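Mind the numbering: the sequence shown is residues 1 to 300 in this note's numbering, read in order.
Working notes, beginning with the structure itself.
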Amino acid sequence: MDIAAEIERLKLERKAVILAHNYCPAEVQEVADFTGDSLELARRATQVEADVIVFCGVLFMAETAKILNPSRKVIIPDVTAGCPMADMINAQQLRELKAANPGAKAVCYVNSTAEVKAECDICVTSGNAEKVMSTFSPDERIIFVPDRNLGGHISARLAREYILWPGFCPTHEAIKAESVKAARAAHPGAPVLVHPECPLAVREAADAALSTGGMCAYARESAAQEMIIATENGILYRLQKENPGKKFHTLAEPILCPDMKKNTLTSLYEALRDMRYEVEVPEEISKKAARAIEAMLAVS
Ligand code: 13P
Ligand code: SF4
Numbered sequence: 001m002d003i004a005a006e007i008e009r010l011k012l013e014r015k016a017v018i019l020a021h022n023y024c025p026a027e028v029q030e031v032a033d034f035t036g037d038s039l040e041l042a043r044r045a046t047q048v049e050a051d052v053i054v055f056c057g058v059l060f061m062a063e064t065a066k067i068l069n070p071s072r073k074v075i076i077p078d079v080t081a082g083c084p085m086a087d088m089i090n091a092q093q094l095r096e097l098k099a100a101n102p103g104a105k106a107v108c109y110v111n112s113t114a115e116v117k118a119e120c121d122i123c124v125t126s127g128n129a130e131k132v133m134s135t136f137s138p139d140e141r142i143i144f145v146p147d148r149n150l151g152g153h154i155s156a157r158l159a160r161e162y163i164l165w166p167g168f169c170p171t172h173e174a175i176k177a178e179s180v181k182a183a184r185a186a187h188p189g190a191p192v193l194v195h196p197e198c199p200l201a202v203r204e205a206a207d208a209a210l211s212t213g214g215m216c217a218y219a220r221e222s223a224a225q226e227m228i229i230a231t232e233n234g235i236l237y238r239l240q241k242e243n244p245g246k247k248f249h250t251l252a253e254p255i256l257c258p259d260m261k262k263n264t265l266t267s268l269y270e271a272l273r274d275m276r277y278e279v280e281v282p283e284e285i286s287k288k289a290a291r292a293i294e295a296m297l298a299v300s
């Protein structure tokens, strides 16, 4: 069976659109209608006209698409594709943090569950965090969950203190500054791009900390012909495809998100064939979470 052709046929039959995150395996990006970062995917989800959204990414991303499109069917190829960082704080823990900090505004990284978003005033992605966070006035106290690294990055950029939750991405937390320095020594002159989910020492060893969409824009616009990329390796496919004349180097150790890799051609095909796994968000939570997501989209 030509699985890519079958996916195309089923997609038309089901009136479906396939959205994929930049970290998905190359063959999944190849059959997707749109590939992007969390912000681009959330924006795209607001423009969908298809009956069904097949979301190749992790659960919080598919939930965001469902919250923005409550009347459409949203399916995810592997129901176990979660984001460990998103699961590092739950709604009860956030309510307790808010109670301990009365009057503070609550901001969540989009890498959070729908029930956590429902407790927040606004959310951010790595692509718009600086812009969104700069809308707060200097006297406002701000809780930022769950990523201590993105929170720390924005805190340094804007010279503001935040009440940070100690969450992190296991994939990016494992990246070592020594590895970045070794890659720089091996490719002198090549700018180093890292994701803001990386620890401080890695961000300090880089030229820029960018969202995956930000890295694609940088690669497109920069005069540099070679770059060092320190984020999940799935992005290399898109970077190379969009910039065939440029060279992209990774670190010596592979950087992989096991959950993103659950989006395979087979799981995508089976999802379309069996119309599974449907993503549902309880109405009450969805309505509240939509306010935080829409507030973010209005700013950025
Ligand atoms: P981006 O929004 O930069 O694509 O990041 C999503 C993510 O999960 C990074 O680990
Ligand atoms: Fe979550 Fe990290 Fe995977 Fe992104 S790379 S989905 S933050 S575990």
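The C-beta atom is built at its ideal place from N, Cα and C for all residues, glycine as well.
In this text, all values refer to a predicted model and were calculated from it rather than measured experimentally.
- Pairwise C-beta distances place the segment 45-57 in contact with the segment 72-84, as three or more of them are shorter than 8 Å.
- In this structure, residue 139 and residue 167 do not form a Cβ contact; the two beta carbons are roughly 26 Å apart against a cut-off of 8 Å.
- Contact between residue 67 and residue 114 is confirmed by a C-beta separation of about 6 Å, below the 8 Å threshold.
- Counting only residues whose CB is nearer than 7 Å to a non-hydrogen atom of the ligand SF4, the list in chain order is 23, 58, 83, 84, 85, 86, 111, 169, 170, 171, 172, 197, 232, 257, 259 and 260.
- Rounded to the nearest angstrom, the gap between the Cα atoms of residue 120 and residue 88 is 16 Å.
- Looking only at 163, 165, 173 and 130, the smallest Cα-Cα distance to residue 153 is reached by 130.
- Checking the DSSP bridge columns, you'll see residue 34 partnered with 19.
- With fewer than 16 other CB atoms across the displayed protein chains lying within 10 angstroms of its CB, residue 186 is exposed.
- If the five residues before and after residue 14 are omitted, its C-beta is found closer than 8 Å to the C-beta atoms of 51, 52, 272 and 275, all from its own chain and listed in chain order.
- For residue 221 and residue 214, the gap between their C-alpha atoms comes out near 10 Å.
- Distance between residue 105 and residue 141, taken at the CA atoms: about 6 Å.
- Around the beta carbon of residue 1, fewer than 16 other beta carbons sit within 10 angstroms, so the residue counts as exposed.
- Residue 153 has its CB no nearer than 8 Å to any heavy atom of the ligand 13P.
- Annotation for residue 264 indicates a beta carbon at 8 Å or more from all heavy atoms of the ligand 13P.
- Distance from the CA atom of residue 49 to the CA atom of residue 64, rounded to whole angstroms, is 16 Å.
- Excluding residues up to 5 positions away in sequence, 195, 197 and 198 lie with their Cβ nearer than 6 Å to the Cβ of residue 172 in the same chain.
- Of the candidates 8, 178 and 206, 206 places its Cα closest to the Cα of residue 189.
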